[in-house]
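Asks: Structure in structure tokens, see below.
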Amino acid sequence: MARTPNGTITSVATVLATAKTISAITNAAEAVASSTAHGYSVGDVLLIYSGWSRLSFRAARVKTVTTDSFTLEGIDTSNTELFTLGSGAGSARKATTMVDLDRTMNHSSSSSSGDAKTMKVKFIESDVEIVLNAGFNAVQRTFDMDADIIGTPAYTALKMLSDTNADTVVRRRAKTGAVSLIPAKVSFNEEETLTEGQAVTVKGTFNAQNISTRYAA
């Protein structure tokens, strides 16, 4: 069923724990990572680093755990053409502290965020151009924030992440329970925007470092 964005809570990870080694990742509809005494729990949000470029720097939730392994919810590595057998080892970092952003508005993505990139090619022996797929555009999200909440956890988190250029995971939680996760860098512009008749705001930008991982309600 369709939904509106009203009530959506956006959060950022301000602390990523020390990396835990992943010795192997299975090729499966939901990948299972081997990691000795990892200590993760169901529902934890992880930033994954992997020998598989398509998986490296993806964010995912932990679906199930054993003492020495955990399942990455919604991460399909079953295609061995894309995920070479035996090459998925790497590490994981848990988002240990998530800060909810409040008093934000006008959330949007740039007009081409995540769109497919294409290129046109015409071979000399043909009169017809063809279009080739050439990957996807980077995702960039912007939003406005009430300028007068200086010193709050949300404002402080954005400023810190912007000043340090630290890696973060951005989480969106809809009222329905749907969740999306995306790794990003934060740019936080504290210059006030003044428009008569409207709230004074500052602007935040999430510069995504990979694609979103989405979970249904």
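Numbering (the UniProt record's numbering), first residue to last: 1 to 217.
C-beta atoms are modelled at their ideal positions from N, C-alpha and C, and glycine is treated no differently.
Quick one: what does DSSP say S113 is sitting in, helix, strand or coil?
Replies: The answer is coil: DSSP assigns S113 none of H, G, I, E or B.
Asks: Among S41, V170, T97, which one has its Cα closest to the Cα of E73?
Replies: Of the candidates S41, V170, T97, the one whose C-alpha sits nearest the C-alpha of E73 is S41.
Asks: How many whole angstroms separate the CB atoms of F70 and A28, which I take to be in contact at a CB cut-off of 8 angstroms?
Replies: In fact, because the Cβ distance is near 13 angstroms, the residues do not count as touching under 8 angstroms.
Asks: Rounded to the nearest angstrom, how far is the Cβ of N210 from that of F57, given a contact under 8 angstroms?
Replies: Contact holds; Cβ gap of about 5 angstroms.
Asks: Could you pull the start and end residues of the alpha helix (DSSP H) that D163 belongs to?
Replies: 153-164 is the extent of the alpha helix (DSSP H) around D163.
Asks: Which stretch, first to last residue, makes up the beta strand (DSSP E) that contains R61?
Replies: Taken as a continuous stretch (DSSP letters only), the beta strand (DSSP E) holding R61 covers 58-66.
Asks: Is L101 closer than 8 angstroms to A154 when the C-beta atoms are compared?
Replies: The answer is yes: Cβ separation under 8 angstroms.
Asks: Beta strand (DSSP E) containing M145: first to last residue?
Replies: Where M145 is concerned, the enclosing beta strand (DSSP E) stretches over 140-146.
Asks: Return the CA-CA distance between L132 and G114, expressed in angstroms with no decimal places.
Replies: Distance between the alpha carbons of L132 and G114 is about 17 angstroms.
Asks: With distances taken Cα to Cα, identify the nearest neighbour of G88 among T77, H107, V65.
Replies: Closest option to G88, Cα to Cα, is T77.
Asks: Who are the Cβ neighbours of F136 in its own chain at under 8 angstroms, not counting the five residues just before and after it?
Replies: So the qualifying residues of the chain are G114, D115, A116, K117, I211.
Asks: Hey, which unbroken runs of the beta strand (DSSP E) at 3 residues or more fall wholly within the stretch 7-79?
Replies: Those beta strand (DSSP E) runs which fall completely within the stretch 7-79 and span 3+ residues are 9-16, 20-22, 32-34, 45-50, 58-66, 69-72.
Asks: Only counting the same chain, and skipping five residues up and downstream in sequence, which positions put a Cβ closer than 6 angstroms to that of A13?
Replies: Hits under 6 angstroms: A95, M98, T168, V169.
Asks: Taking the beta carbon of G204 as the centre, do at least 16 other beta carbons fall within 10 Å, making it buried, or is it exposed?
Replies: The residue in question, G204, is buried, as its Cβ has 16 or more Cβ neighbours within 10 Å.
Asks: Please report the Cβ distance between K63 and H38, rounded to the nearest whole angstrom; I am assuming they are in contact, meaning their Cβ atoms lie under 8 angstroms.
Replies: Incorrect: roughly 14 angstroms between the Cβ atoms, too far for contact.
Asks: Helix, strand or coil for N210 per DSSP?
Replies: N210 falls in the coil class under three-state DSSP.
Asks: Whose C-beta lies closer than 7 angstroms to the C-beta of A178 among residues of the same chain, with five residues either side of it excluded?
Replies: Y215, A216, A217.
Asks: State yes or no: is the C-beta of M160 within less than 8 angstroms of the C-beta of T201?
Replies: No, Cβ-Cβ distance for M160 and T201 is not below 8 angstroms.
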